[in-house]
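Asks:
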Amino acid sequence: MSGGAGYVLSKEALRRFVVDGIPDPKMCLPGTVINEDIEIGKCMENLNVTAGDSRDVNGRGRMFPFEPEQILIPPKDPNFWYWKYLYYKTDEGLDCCSDNAISFHYVPPNLMYVMDYLIYHLNPFGVIRAQRLPAKLKVGEFMPTPQEEVPNSNEDSMDDDDRLNKTTTNETLTEPDAREVE
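Per UniProt numbering, the very first residue in the sequence shown carries number 1; after that it's consecutive.
(1) Pick helix, strand or coil for Gly21, following the three-state DSSP scheme.
(2) Decide if Pro65 is buried, meaning its Cβ has at least 16 other Cβ atoms within 10 Å, or exposed.
(3) Alpha helix (DSSP H) containing Glu39: first to last residue?
(4) Could you give the residue range of the alpha helix (DSSP H) that holds Met115?
(5) Based on Cα-Cα distance, which residue from Leu137, Pro134, Gly31, Cys97 lies nearest to Val57?
(6) Starting from Leu14 and walking both ways along the alpha helix (DSSP H), at which residues does that stretch end?
(7) So what does DSSP say about Cys28, is it helix, strand or coil?
(8) From Asp37, Met63, Phe17, Pro23, pick the residue whose C-alpha is nearest to that of Leu47; which is it?
(9) Would you kindly work out how many angstroms separate the C-alpha atoms of Lys26 and Ile38, rounded to a whole number?
(10) To the nearest angstrom, how far is the alpha carbon of Asp95 from that of Asp24?
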């Protein structure tokens with residue numbers, strides 16, 4: 001576990017930390033510590049909080065202890081601590097990271113501005129971003145389990161010419177004659 005990219009705790013885990021962990025120095029070390037992520041891990045283990053798997057359905061990571069460049073273009077040193085202690089081995093390069101990454105650590109301020117632009121402002125030509133945020137849930141309500149989309153029959157067997165013919169029309173558009181327009 002590396003805590004630099006942040007933590008996601010359930011309500012119950014947070015309750016255990018505040019009510020049972022912080023007041024008891026045998027459960028959680030009091031005060032400021034150097035390696036807070038290691039201590040939080042020990043504390044959560046003492047509180048019987050199980051660490052979850054934050055990877056996506058393709059096994060790609062969502063929370064990273066480095067800036068994106070260091071994950072997307074990893075160092076080639078296999079003895080580097082991250083690659084040595086990584087619980088789930090990951091692919092290198094563009095297949096390393098989830099399309100729904102949550103956080104990166106050690107991101108310098110200027111890179112944050114670049115990432116903000118790329119994520120929230122850039123609209124590459126031809127890419128339509130029609131995704132809406134999910135509806136707000138009420139207390140005690142849960143998100144529905146995601147369902148995999150099943151393609152329509154024969155859609156995958158359609159070649160480019162069929163798609164082109166399906167989406168185009170043979171009608172010839174003509175401009176009205178100026179004498180016909182009032």
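Even glycine gets a Cβ: it sits at the ideal position worked out from N, Cα and C. All of these numbers come straight from a predicted model, not from anything done at the bench.
Replies: Reading it off the structure:
(1) DSSP places Gly21 in helix when its eight states are reduced to three.
(2) So Pro65 counts as buried.
(3) Membership of Glu39 in the alpha helix (DSSP H) is indicated by the continuous run 36-46.
(4) Run containing Met115: 109-116, per the alpha helix (DSSP H) assignment.
(5) The shortest C-alpha separation from Val57 is found at Cys97.
(6) For Leu14, the uninterrupted alpha helix (DSSP H) run begins and ends at 11-15, by DSSP.
(7) Looking at Cys28 - three-state DSSP - the assignment turns out to be coil, as it is neither helix nor strand.
(8) If you compare the alpha carbons of Asp37, Met63, Phe17, Pro23 with that of Leu47, the shortest gap goes to Phe17.
(9) Put simply, the backbone Cα of Lys26 is about 15 Å away from that of Ile38.
(10) When rounded, the distance between both Cα atoms is 42 Å.
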